[in-house]
Amino acid sequence: MADADPTVGMWSWCAAGRLDATAVRAALSGALERPVTTLDAPADGALLCDVWHVGGDFPTSIECFLAPGEIAEATIASAVAVRLGAEVLLPDDTLNPTRYVLAEPDGTLRAVHVDEVETDDGTERRHVRPCTGSDPACARGPGCGRSRFKPVPTPERPAAA
133 MADADPTVGM
143 WSWCAAGRLD
153 ATAVRAALSG
163 ALERPVTTLD
173 APADGALLCD
183 VWHVGGDFPT
193 SIECFLAPGE
203 IAEATIASAV
213 AVRLGAEVLL
223 PDDTLNPTRY
233 VLAEPDGTLR
243 AVHVDEVETD
253 DGTERRHVRP
263 CTGSDPACAR
273 GPGCGRSRFK
283 PVPTPERPAA
293 A
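In the numbering used here, the protein residues as written are 133 to 293.
Below you can see the structure in the form of structure tokens.
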């Protein structure tokens, strides 16, 4: 989860565009200042990273294992988005299954909702929209208002009363 309790473990992200696995690993390595390798070639001190493609608006799936606990996940996702020049979605700190944090290519982090469809190739994510607090997806799961990444009302979707 995005910065809720950064611990050694796993990061599960997806990125906009069909990105090359080597470029993803290089961006992670640069942001972390440590080696990043594939699952079949582990190395001491390296982050293990699997990259594959699915459909949807965020077709590059990124799974990182042995993620460092001393650096916040959202901080690294933001740095990777900047290095790749692509939006990166990462789980947020709520239990709402449609809510994510979007790391934008300029480094901005903001709460969004995403429609998901399970396929044989993996989860496809489409229709990213800001978490406004009044989006119907906010009502489906708990926590949008309690998150570190607060809903941001827009003129089209004012905050719920």
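Note that the Cβ used here is the ideal one computed from N, Cα and C, for glycine as well.
Helix or strand or just coil, what does DSSP make of Asp-137? In this prediction, Asp-137 has a pLDDT of 43, which is less than 50 and means its spatial position is unreliable; what the coordinates show is noted afterwards. In this structure, Asp-137 counts as coil in the three-state DSSP scheme.
Assuming Arg-257 and Glu-248 are in contact, meaning their beta carbons sit under 8 angstroms apart, how far apart are those beta carbons, in whole angstroms? Indeed they touch by this definition, with Cβ atoms about 5 angstroms apart.
Does Leu-171 pass the burial test, meaning 16 or more other C-beta atoms within 10 Å, or should it be called exposed? Within a 10 Å sphere around the beta-carbon of Leu-171 sit fewer than 16 other beta-carbons, which makes this residue exposed.
Please look up how many angstroms separate the CB atoms of Thr-264 and Val-233, rounded, as I've assumed it's under 8 angstroms. Not quite, the Cβ-Cβ distance comes to about 15 angstroms (not below 8 angstroms), so this is no contact.
Give me, in chain order, the residues of the same chain whose beta-carbon lies closer than 6 angstroms to that of Asp-253; leave out the 5 immediate sequence neighbours on both sides. These residues qualify, in order along the chain: Val-186.
Buried/exposed call for Thr-226, threshold 16 Cβ in 10 Å: A buried status is given to Thr-226, since no fewer than 16 other beta-carbon atoms sit within 10 Å of its beta-carbon.
Could you tell me which uninterrupted alpha helix (DSSP H) segments, each at least 4 residues in length, are contained entirely in the stretch 158–228, listed from first to last along the chain? DSSP runs (the alpha helix (DSSP H)) wholly in the stretch 158–228: 205–216.
When you compare only the Cα positions, how much space is there between Ala-163 and Gly-277? Answer to the nearest angstrom: the Cα atoms are 30 angstroms apart.
Report the rounded CA-to-CA distance for Thr-154 versus Val-183, giving the unit in angstroms. Straight through space, the alpha carbons of Val-183 and Thr-154 are spaced by roughly 9 angstroms.
According to the neighbour-count rule (16 or more other Cβ atoms, all chains shown, within 10 Å of its Cβ), is Asp-137 buried or exposed? Because the pLDDT of Asp-137 is 43, which lies under 50, any placement of that residue in the model is unreliable, and the question is left without a value.
Residues in its own chain within less than 6 angstroms of Met-133 by CB, not counting five upstream and five downstream? Residue placement at Met-133 is flagged as unreliable, the pLDDT there being 49, under the threshold of 50; the coordinate-derived value follows with that caveat. Non-local C-beta neighbours of Met-133 in its own chain, meaning closer than 6 angstroms and more than five positions away in sequence, comprise Pro-223 and Asp-225, ordered along the chain.
Check whether the Cβ atoms of Val-77 and Ala-213 sit closer than 7 angstroms, and answer yes or no. Any property of residue 77 remains undetermined from this structure, which presents the chain solely from 133 to 293.
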